[in-house]
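In the working numbering, the protein residues as written are 241 to 442.
Working notes, beginning with the structure itself.
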């Protein structure tokens with residue numbers, strides 16, 4: 241069986257811009273065998289999934305492989321999605337499970353990360369500002385890497401991907417109250433790690 245390979249190329253507008261009804265139809269078309277609909281969904285979500293995987297695994301090369309596996313599973317398991325309107329939660333659940341599988345089997349250590357916001361920063365931004373922003377990104381990545389995986393994943397889903405508590409609960413297979421509690425603890429722990437730096441800069 242040939243393995244589906246997709247190349248991470250130039251990003252197209254993120255999924256947040258799509259109307260729910262339009263995306264529901266797109267997912268329905270994909271489930272009906274429309275390959276073009278699959279490519280459209282891939283282009284819409286690949287950047288978000290890559291950022292999530294890279295910050296979960298702390299390894300950009302492993303994240304690229306993970307993205308390939310995630311969308312391969314999506315393609316192969318399309319019939320398992322019963323509610324098209326839950327596609328994003330279903331997709332991130334697949335990504336999370338794949339990350340956990342890789343993490344537990346390989347115990348990846350931190351690697352250099354790519355910051356997409358930096359690469360697409362405002363035109364005319366000064367070099368000093370770019371360096372300052374990259375230092376802040378590096379610092380955040382460093383402390384995210386020190387969080388327990390269960391804390392890191394909820395912060396990534398909430399703060400980086402802007403998922404709702406309900407959506408995060410669906411991704412994790414947990415209750416909204418448990419998700420809120422974990423996010424609260426994760427934010428507390430991240431603040432504890434950042435506190436010495438904040439004092440220095442204060």
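Yeah, the Cβ is synthetic: ideal placement off N, Cα and C, and Gly gets one too.
Note that this is a predicted model, so its numbers are computed, not measured.
Apart from the five residues just before and just after residue i, which ones in its own chain have a Cβ nearer than 6 Å to its Cβ?
{"i": "residue 324", "result": "264, 267 and 268"}
{"i": "residue 327", "result": "267"}
{"i": "residue 396", "result": "292 and 295"}
{"i": "residue 403", "result": "397"}
{"i": "residue 455", "result": "Because residue 455 is not part of the residues shown, which for the chain are 241 to 442, the question remains open."}
{"i": "residue 313", "result": "334"}
If you reduce the DSSP assignment to three classes, tell me which class residue i lands in.
{"i": "residue 269", "result": "helix"}
{"i": "residue 321", "result": "coil"}
{"i": "residue 430", "result": "helix"}
{"i": "residue 299", "result": "coil"}
{"i": "residue 305", "result": "helix"}
{"i": "residue 255", "result": "Only weak support exists for where residue 255 lies, its pLDDT of 42 falling under 50; the value from the coordinates is given anyway. Helix."}
{"i": "residue 274", "result": "coil"}
{"i": "residue 422", "result": "helix"}
Starting from the C-beta of residue i, find all residues in its chain whose C-beta is less than 7 Å away, skip the five residues before and the five after it, and write them out in chain order.
{"i": "residue 303", "result": "290, 293, 294 and 297"}
{"i": "residue 280", "result": "266"}
{"i": "residue 416", "result": "405, 406 and 409"}
{"i": "residue 278", "result": "270 and 315"}
{"i": "residue 274", "result": "none"}
{"i": "residue 307", "result": "248, 286, 289, 290 and 293"}
{"i": "residue 336", "result": "393 and 411"}
{"i": "residue 262", "result": "none"}
{"i": "residue 359", "result": "Model confidence at residue 359 stands at a pLDDT of 35, short of 50, so the residue's coordinates are unreliable; what they give is reported in the following sentence. So no residue of the chain qualifies."}
Output needed for residue i: all residues of its chain with C-beta closer than 8 Å, excluding positions within five of it in sequence on either side, in chain order.
{"i": "residue 271", "result": "318, 319, 321 and 324"}
{"i": "residue 419", "result": "394, 405, 408, 409 and 412"}
{"i": "residue 391", "result": "422, 425, 426, 429 and 430"}
{"i": "residue 348", "result": "Residue confidence for residue 348 is low, a pLDDT of 48 falling below 50, so the modelled location carries little weight; the figure read from the coordinates is stated next. Within the same chain, residue 348 has close Cβ partners 297, 298, 299, 302 and 342."}
Give the C-beta separation of residue i and residue j to the nearest angstrom, bearing in mind that I take them to be a contact with Cβ-Cβ under 8 Å.
{"i": "residue 310", "j": "residue 342", "result": "Actually they are not in contact, since the Cβ atoms of residue 310 and residue 342 sit about 11 Å apart, beyond 8 Å."}
{"i": "residue 398", "j": "residue 423", "result": "6 Å"}
{"i": "residue 288", "j": "residue 401", "result": "6 Å"}
{"i": "residue 433", "j": "residue 386", "result": "6 Å"}
Worksheet item: Fully enclosed by the region 370-416, which alpha helix (DSSP H) runs are 4 residues long or longer?
Response: 389-395 and 405-412
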